[in-house]
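Colleague:
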């Protein structure tokens, strides 16, 4: 296996040497395209069964490119007819969609894309497209005063390169990556840059087969093939912080670039090609859509956090929220009251949980009405409640007596008359971390000894 992986780079190095010392039809037709075939063989032999779809797609894409390269090589030496040459150009073009499909599968791994990730990827991809349309395409696109048949491939290649780079780089920017996906990105980038360099040279009719630029394509293909030997099914999560931190940077750059180019086009209408406006406007539209999504996500997160700290039955804060409030209460003068209902458990046994739940709701409302403004009432679970009160300890005891008085008259539920009592423990805040424990001790003492209210 290792021999196959090393054979491709070795043959590429040999081609670089022979290109200078002994260039011939054998080096440009046989040796050159043999490197591409070795890349396919290495890819097929890679131990990545989980990425079979990506392996097939990219393998077929490289195979199509090699067919196009073989035909182009024969055409250079006048061994291929015009019809066959056109087929070779088509094979070059077939390379792109299969590489895109395979790359998306590799970068995604075994997980799926979230809506926010798709939007982020689209914004970044359109930003890259906007930059390429403004800076790169004008250098390589042909003049449009020719028949469409002659324009098709010269137009299709740079657009396909730009599309491939935008899709892959944008997906790469939103996901944590393995060494395999990083090698894949470098390989695709090398291939695309080589293609743009070729198109730029060819636009001035200065390209000739056998130049050093030809090896740039092979270098990219070998890296793409090698990436399959380094893939992880689940990329390490240690990269997630890096991904989250770089996303806003890429998105900001994409939006800023698109807005700037649109402003330039508005001020100087002839300074940039008109087609630049399309991806630029699309970038801004998606950016606003992403902003709306982010706002909704923030609302959902806020709601989830609130629900996580709220008692579902009574709507009061729950134990988790009370503990959080106690931690912030340390430096304040005040008291913690713990309340445990007397006679509640038989209600569930006698009338059922539905009646018991209704009783708890009414009890919560009575307690809430009896508390002064600023007091914090929470349900701890079952028939227990807690109250944080700022102020003098004596005032807290008076409030505890008022809370006990709220249950001095019966609760009426579905024509049933229910009588309850409550035992209350009152603990003064001394700044020590045992406030909850002391209030709990006082409450159990009040319940055990029938005191009603027990200060501690």
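Residue numbers (our numbering): 4 to 459.
Here a beta-carbon is modelled for each residue, glycine too, at the ideal position from N, C-alpha and C.
Between the Cα of residue 398 and the Cα atoms of 454, 378, 186, which residue gives the shortest distance?
Modeller: The residue given as residue 398 occupies position 395 in the chain shown. Put simply, of 454, 378, 186 the residue whose alpha carbon is nearest the alpha carbon of residue 398 is 378.
Colleague: Starting from residue 419, follow its DSSP beta bridges and name the residues at the other end.
Modeller: Mapped onto the chain shown, residue 419 falls at position 416. Per DSSP, 416.
Colleague: For residue 47, name the three-state secondary structure that DSSP assigns.
Modeller: One-based indexing of the chain shown puts residue 47 at position 44. In the structure shown, residue 47 sits in a helix (DSSP, three-state: H, G or I).
Colleague: Using the C-alpha atoms, what's the distance from residue 449 back to residue 424?
Modeller: Residue numbering aside, residue 424 sits at position 421 when the chain shown is read from its first letter. Residue numbering aside, residue 449 sits at position 446 when the chain shown is read from its first letter. Going by the C-alpha atoms only, they are around 12 angstroms apart.
Colleague: Can you give me the Cβ contacts of residue 253 inside the same chain, cut-off strictly under 6 angstroms, excluding the 5 residues immediately before and after it?
Modeller: In the chain shown, residue 253 corresponds to position 250, counting from 1. 127, 176, listed in sequence order.
Colleague: Can you tell me whether residue 98 is buried or exposed? The criterion is at least 16 other CB atoms within 10 Å of its CB, across all chains shown.
Modeller: Mapped onto the chain shown, residue 98 falls at position 95. Buried.
Colleague: Quick one: any contact between the stretch 131–141 and the stretch 260–280, if contact means 3 or more CB pairs under 8 angstroms?
Modeller: Because the criterion of three Cβ pairs below 8 angstroms is met, the stretch 131–141 and the stretch 260–280 touch.
Colleague: Put residue 339 into one of helix, strand or coil per three-state DSSP.
Modeller: In the chain shown, residue 339 corresponds to position 336, counting from 1. Strand at residue 339.
Colleague: Just to confirm, are residue 394 and residue 331 a CB contact at a threshold of 8 angstroms?
Modeller: Taking the chain shown and counting its residues from 1, the one referred to as residue 394 is at position 391. Taking the chain shown and counting its residues from 1, the one referred to as residue 331 is at position 328. Cβ atoms of residue 394 and residue 331: not closer than 8 angstroms.
Colleague: Tell me whether residue 9 is buried or exposed, calling it buried when 16 or more other Cβ atoms sit within 10 Å of its Cβ.
Modeller: On the chain shown, position 6 is the one that residue 9 refers to. Label assigned to residue 9: exposed.
Colleague: I'd like the span of the alpha helix (DSSP H) that includes residue 324, first residue to last.
Modeller: As a first step, residue 324 must be located in the chain shown, where it is residue number 321. It spans 322–331 - the alpha helix (DSSP H) in which residue 324 sits, taken as one unbroken run.
Colleague: Let me check one thing: in DSSP terms, what residues is residue 430 bridge-paired to?
Modeller: Taking the chain shown and counting its residues from 1, the one referred to as residue 430 is at position 427. According to DSSP, residue 430 bridges with 339.
Colleague: DSSP three-state label for residue 409, please.
Modeller: Working through the chain shown from its first residue, we reach residue 409 at position 406. Reduced to three states, the DSSP call for residue 409 is coil.
Colleague: So what does DSSP say about residue 387, is it helix, strand or coil?
Modeller: For this step, residue 387 is matched to residue 384 along the chain shown. If DSSP states are grouped into helix, strand and coil, residue 387 belongs with the strands.
Colleague: Are at least three pairs of beta-carbons, each pair with one atom in the stretch 163–173 and one in the stretch 181–201, less than 8 angstroms apart?
Modeller: yes
Colleague: Please report the residue range of the alpha helix (DSSP H) in which residue 436 lies.
Modeller: As a first step, residue 436 is located in the chain shown; it is residue number 433 there, counting from the start. Here residue 436 belongs to no alpha helix (DSSP H), and DSSP marks it neither H nor E.
Colleague: Can you tell me where the alpha helix (DSSP H) with residue 349 in it begins and where it stops?
Modeller: Stepping through the chain shown from its first residue, residue 349 is reached at position 346. Membership of residue 349 in the alpha helix (DSSP H) is indicated by the continuous run 348–354.
Colleague: Measure the Cβ-Cβ separation of residue 401 and residue 343 and say whether it is below 8 angstroms.
Modeller: As a working mapping, residue 401 is identified with position 398 in the chain shown. As a working mapping, residue 343 is identified with position 340 in the chain shown. Contact: no.
Colleague: For the alpha helix (DSSP H) containing residue 141, list its first residue and its last residue.
Modeller: Here the question's residue 141 lines up with position 138 in the chain shown. Start and end: 140–143.
Colleague: If you run the structure through DSSP and keep just helix, strand and coil, what is residue 100?
Modeller: Counting from 1 along the chain shown, the entry for residue 100 is found at position 97. Residue state, collapsed to three classes: helix.
Colleague: Are the stretch 65–78 and the stretch 91–108 touching, with three or more C-beta to C-beta distances below 8 angstroms?
Modeller: yes
Colleague: In this structure, how does DSSP classify residue 392 when only helix, strand and coil are distinguished?
Modeller: Indexing the chain shown from 1 puts residue 392 at position 389. Residue 392: strand per DSSP, three-state reduction.
Colleague: Give the single residue among 287, 383, 385 whose Cα lies nearest to the Cα of residue 123.
Modeller: Start at 1 with the first residue of the chain shown, and residue 123 comes out as number 120. Out of 287, 383, 385, 287 has the C-alpha closest to the C-alpha of residue 123.
Colleague: Residues in the same chain with beta-carbon distance under 6 angstroms from residue 245, minus the five sequence neighbours each way, listed in chain order, please.
Modeller: Stepping through the chain shown from its first residue, residue 245 is reached at position 242. Because the pLDDT at residue 245 is just 44, under 50, the model does not fix this residue reliably, and the point stays unresolved.
Colleague: By DSSP, does residue 345 sit in helix, in strand, or in coil?
Modeller: Residue mapping note: residue 345 aligns to position 342 of the chain shown, counting from 1. Correct three-state label for residue 345: strand.
Colleague: By the three-class DSSP mapping on this structure, what secondary structure does residue 370 have?
Modeller: Translated into the one-based positions of the chain shown, residue 370 becomes position 367. The answer is helix: DSSP assigns residue 370 an H, G or I state.
Colleague: DSSP on residue 317, reduced to helix/strand/coil?
Modeller: To locate residue 317, count along the chain shown from 1; it is residue 314. Under the three-state reduction of DSSP output, residue 317 falls in the coil class, being neither helix nor strand.
Colleague: Exposed or buried, what is residue 417 when buried is set at 16 or more other beta-carbons lying within 10 Å of its beta-carbon?
Modeller: The residue you call residue 417 lines up with position 414 of the chain shown. Flag for residue 417 reads exposed.
Colleague: Could you pull the start and end residues of the alpha helix (DSSP H) that residue 12 belongs to?
Modeller: Counted from its first residue, the chain shown places residue 12 at position 9. Run containing residue 12: 5–24, per the alpha helix (DSSP H) assignment.
Colleague: So what does DSSP say about residue 40, is it helix, strand or coil?
Modeller: For this step, residue 40 is matched to residue 37 along the chain shown. If DSSP states are grouped into helix, strand and coil, residue 40 belongs with the helices.
Colleague: Per DSSP, which one or two residues make a beta bridge with residue 380?
Modeller: Mapped onto the chain shown, residue 380 falls at position 377. Bridge partners of residue 380: 390.
Colleague: Given residue 431, which residues of its chain have a CB within under 7 angstroms of its CB, disregarding the five upstream and five downstream residues?
Modeller: By one-based count along the chain shown, residue 431 stands at place 428. Cβ within range, chain order: 338, 396.
Colleague: Within 10 angstroms of its Cβ, does residue 269 collect 16 or more other Cβ (buried), or is it exposed?
Modeller: For the purposes of this step, residue 269 is taken as residue 266 along the chain shown, with counting starting at 1. With fewer than 16 Cβ atoms within 10 Å of its Cβ, residue 269 is classed as exposed.
Colleague: For residue 108, which residues in the same chain have their Cβ closer than 6 angstroms to its Cβ, ignoring the five residues on either side in sequence?
Modeller: Here the question's residue 108 lines up with position 105 in the chain shown. Once the five neighbours on either side are set aside, the close Cβ partners of residue 108 are 56, 57.
Colleague: Within 10 angstroms of its Cβ, does residue 440 collect 16 or more other Cβ (buried), or is it exposed?
Modeller: Here residue 440 is taken as the residue at index 437 of the chain shown, counted from 1. Classification of residue 440: exposed, given that the 10 Å Cβ count is below 16.
Colleague: Could you work out which residue in 184, 354, 312, 37 is closest to residue 102 when comparing CA atoms only?
Modeller: Residue mapping note: residue 102 aligns to position 99 of the chain shown, counting from 1. Residue 184 is the option with its Cα nearest to residue 102.
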